[in-house]
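Worksheet: the structure to be examined is printed underneath.
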Amino acid sequence: MIEAVGLTKRFGAKTAVDQLSFQVRPGHVTGFLGPNGSGKSTTMRMILGLDRPTAGHVTINGHAFRELPNAQRHVGALLDAKAMHGGRRARTHLLSIAQLSGIPEKRVDEVLAVVGLQDAARQRTKGFSLGMGQRLGIATALLGDPQVLLFDEPVNGLDPEGILWVRNLMRRLAAEGRTVFVSSHLMSEMAVTADHLIVIGRGRLLADMSTQEFITHNSAGFARVRVAGTGPDGRDAFAEILRKDGARVLQEPDGALRVTGLELPRISDLAHEGGLRLWELSPHRASLEEAYMRMTRSSVEYTSTDDPRAQLWETDPLALPQWEEGPAAPEVPQTGFFAPPPPAATGGSGFLMPSEPGELAASAQNNPEASR
Amino acid sequence: MTVALPAVLNSEWTKIRTVSSTVWTLAIALIATVGFGAGFCALISSAFDSMPEIERATFDPTLMSFSGMQFGQLAMIVFGVLVVSTEYSTGMIRASLAAVPGRGSFLLGKLTVATALALLVGLTTSFVAFFVGQAILGEHGIGIGEENVLRAVIGAGVYMALLALFSMGVATMLRSSVASISILIPFFLIVSNLLSGFEVTRKYGQYLPDKAGSKIMQIVPDAMGRGETPYGPWGGLAIMLLWVAAAVLGGYFVLKNRDA
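These protein sequence lines are chains P and D, in that order.
Quick note on numbering: the first sequence equals residues 1 to 372 in full-length UniProt numbering.
Quick note on numbering: the second sequence equals residues 1 to 260 in full-length UniProt numbering.
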């Protein structure tokens, strides 16, 4: 169990981590998500006592890390795949760390086999690829057979086979009742690995909920509608009809309409009444990646500015078309949504995006403001 | 609360023996000290009769055999710096501190192992340099059994170890190979010699760690034109120890209080 209370870290005027409170429970893989520079690594380093918090505190099984007796037996961590002396061989690197806790040499060979590096054991680590470095780092974390494991971006540089391996390893460690805390900036990876998600942006808590709940809250269902014909006239007219019926309509770059708030049969009926033929009417689900990007957009540290050659790129599918009317959100039907029914069908306004990042965090159970 | 010291010693010994920089810095320290010492001894030996009366009268064959030390000690400094700074430059320090949260036992273990190794190499160097030097000096040489000679030879080994330890302390404070080496090498190679080279500045220069510490290698007071000092060999060593203690304590406080 990792518990952070009002954790804050400032570097000069810059606040890297801001009043972060959360709990990481045993038996689950907890994903720690955030864009680059959002404070994930700093938080990890504070958990491990490498950085001192400016305010607040974080404990592991009730102890501050620096006060843990025989820390390596309780906590294993992968912070940086390149954090090793390049001139040392993989096995002696592990051995030197194992000896710090009196871990027997036999265990070093065991973990080397677990991460699949037994053949590279006698190589100097400066010749290692990023993926091999990650594996060696994971081996380091596993040395003490700890109950609490922290992994900072463990899948960086791994090939698909390696990513699958890490995913299964995390799940297995959690199934053994361990606390597994994994950071990533990839929503797609966390959606399939983690049971629970903690999302931060600019050092602030944006969401703290189970992955299932996150999916329910954030991946909205919509219908893609394509009106017969290539001209914009029929399309614009139909969009008007749909909007009058209470739908929210966005234009997609390829000329299709993205419709939220109406059931598929109703859209079909409206088309029929309007004497329009449809070339496409399909149910869709916005990806978690989109939801995540929308949530963290306002808190992304490093945003790119417009490139003059931007027209060469694909249009952002989330961009609002010019003719979309104001922010008026339509009434959302509670039942009888698209087929297949979204998980949110019974959960009220679940499929609506949060209008601002704080909204989800506020609904999460440990609200940072409330805990201080 | 903290990790047992034997475990840290064990780990640090593994670390130090598995990187090549340990071997080449210590080998250079030995070879340079013995080699340059032998060269200077040969030079003096052939020119002994033409030296001024005063220099012949205060000739210190023991000190002469350690004259290569001013080059050998530079390798010792590099050894001390690298032992500590590679932890930072490679990021290994985070893996180390994630395993040993106790900064005190980590630093103590690291410095103990590295200093013990430096002392071993230092003593080997000093004995080899002494016997090689005396063999070359021949009739102008001195035996190990003479008064204070053994103190000077062992003292030379201790001096090398203390210099390495001083460098480790400085590197722990600066946390960078480049910064530490580019401060320490010019300091011992130029600044220290410059300050001791002039009458006006000598009274300050003589309190620098290398000048004070090297007094232990001297058995003839004021040998060979070296200025008079207000301290003896043991006083000099004590001054050097103060420098070392300051560097190590400074390093400890930096390690304890700064984010790794």
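We put the beta carbon where it would ideally sit given N, CA and C, even for glycine.
Here the structure is a predicted model, which means the values were calculated and not measured.
Point to revise | Listed by chain order, chain P residues near residue 15(D) by CB distance under 7 Å | key: In chain order: 96.
Review point. The ligand SAM heavy atoms versus the CB of residue 75(P): any closer than 7 Å?
Key: Because no ligand of any kind appears in the structure shown, any question about the ligand SAM cannot be addressed here.
Review point. If residue 11(D) and residue 47(P) are in contact, beta carbons under 8 Å, what's the gap, nearest whole angstrom?
Key: About 23 Å; that fails the 8 Å criterion.
**Study point:** CB contact below 8 Å: residue 167(P) versus chain D
**Key:** No - not a single Cβ of chain D is within 8 Å of the one on residue 167(P).
Check your understanding: Would residue 94(D) count as contacting chain P if we go by Cβ distances under 8 Å?
Key -> Closer than 8 Å: yes.
Review point. Which first and last residues belong to the beta strand (DSSP E) in which residue 152(P) is found?
Key: Looking at the DSSP string, the run of the beta strand (DSSP E) that includes residue 152(P) is 148-152.
Exercise for review: Please specify which runs of the alpha helix (DSSP H), each continuous and at least 4 residues long, are wholly inside the segment 139-194 of chain D, giving them in chain order.
Suggested key: Unbroken alpha helix (DSSP H) stretches of 4 residues or longer found wholly inside the segment 139-194 of chain D: 149-174 and 177-186, given in chain order.
Practice item. Compare the C-beta of residue 184(D) with all C-beta atoms of chain P and state if any pair is closer than 8 Å. Key: Closer than 8 Å: no.
Practice item. Check the C-beta distance from residue 31(P) over to residue 193(P) and give it rounded, since I have them as a contact under 8 Å. Key: Their Cβ separation, rounded to whole angstroms, is 6 Å, which keeps residue 31(P) and residue 193(P) in contact under 8 Å.
Check your understanding: Are the C-beta of residue 154(P) and some C-beta of chain D separated by less than 8 Å?
Key -> Chain D places no beta carbon closer than 8 Å to that of residue 154(P), leaving this residue out of the contacts.
Exercise for review: Tell whether a beta-carbon distance below 8 Å holds between residue 160(D) and residue 251(D).
Suggested key: With a cutoff of 8 Å on beta-carbon distance, residue 160(D) and residue 251(D) are scored as not near each other.
Exercise for review: Establish whether the CB of residue 102(P) and some CB of chain D are separated by less than 8 Å.
Suggested key: With respect to chain D, the C-beta atom of residue 102(P) has a partner C-beta closer than 8 Å.
Check your understanding: Pairing CB atoms from the segment 37-45 of chain D with CB atoms from the segment 67-77 of chain D, are three or more of them under 8 Å?
Key -> Flag = yes, the segment 37-45 of chain D and the segment 67-77 of chain D touch.
Point to revise | alpha helix (DSSP H) segment containing residue 211(D), residue limits | key: Looking at the DSSP string, the run of the alpha helix (DSSP H) that includes residue 211(D) is 209-213.
Check your understanding: Closest to residue 151(P) by CA distance: which of 79(D), 98(D), 184(D) and 215(D) is it?
Key -> For residue 151(P), the closest alpha carbon among the candidates 79(D), 98(D), 184(D) and 215(D) is that of 98(D).
**Study point:** residue 380(P) in three-state terms, based on DSSP
**Key:** Given that chain P is displayed from residue 1 to residue 372, the structure contains no residue 380(P) and the question cannot be resolved.
Exercise for review: Specify, as a first and last residue, the run of the alpha helix (DSSP H) that residue 227(P) falls within.
Suggested key: Here residue 227(P) belongs to no alpha helix (DSSP H); instead the beta strand (DSSP E) covers 221-227.
Point to revise | residue 137(D): first and last residue of the uninterrupted alpha helix (DSSP H) it sits in | key: The continuous alpha helix (DSSP H) containing residue 137(D) extends over residues 103-137.
Exercise for review: Consult DSSP for residue 71(D) and reduce its assignment to one of helix, strand or coil.
Suggested key: Residue 71(D) sits in a helix when the DSSP states are folded into three classes.
Review point. I think residue 116(P) touches residue 91(P), with their Cβ atoms under 8 Å apart; what is that distance to the nearest whole Å?
Key: Wrong, their Cβ atoms sit about 14 Å apart, outside the cutoff.
Point to revise | Cα-Cα separation, residue 205(D) to residue 165(D) | key: Taking C-alpha positions only, residue 205(D) is separated from residue 165(D) by approximately 20 Å.
**Study point:** Min CB distance residue 28(P) to chain D below 8 Å
**Key:** For residue 28(P), the answer is no, since every Cβ of chain D falls outside 8 Å of its Cβ.
Review point. Just the Cα atoms here: how many angstroms apart are residue 243(P) and residue 249(P)?
Key: Separation of residue 243(P) and residue 249(P) (C-alpha to C-alpha, rounded to the nearest whole angstrom) is 7 Å.
Review point. Residue 237(D) and residue 216(D) look like a contact to me (Cβ under 8 Å); what is the Cβ gap, rounded to whole Å?
Key: About 5 Å separates the two Cβ atoms, so the contact holds.
Check your understanding: For the alpha helix (DSSP H) that residue 57(P) lies in, which residues bound it at each end?
Key -> No alpha helix (DSSP H) contains residue 57(P), which is instead part of the beta strand (DSSP E) from 55-60.
Review point. Given that residue 90(D) touches chain P, what residues does it touch there, using C-beta distances under 7 Å?
Key: By Cβ distance, chain P contributes 83, 84, 85 and 86.
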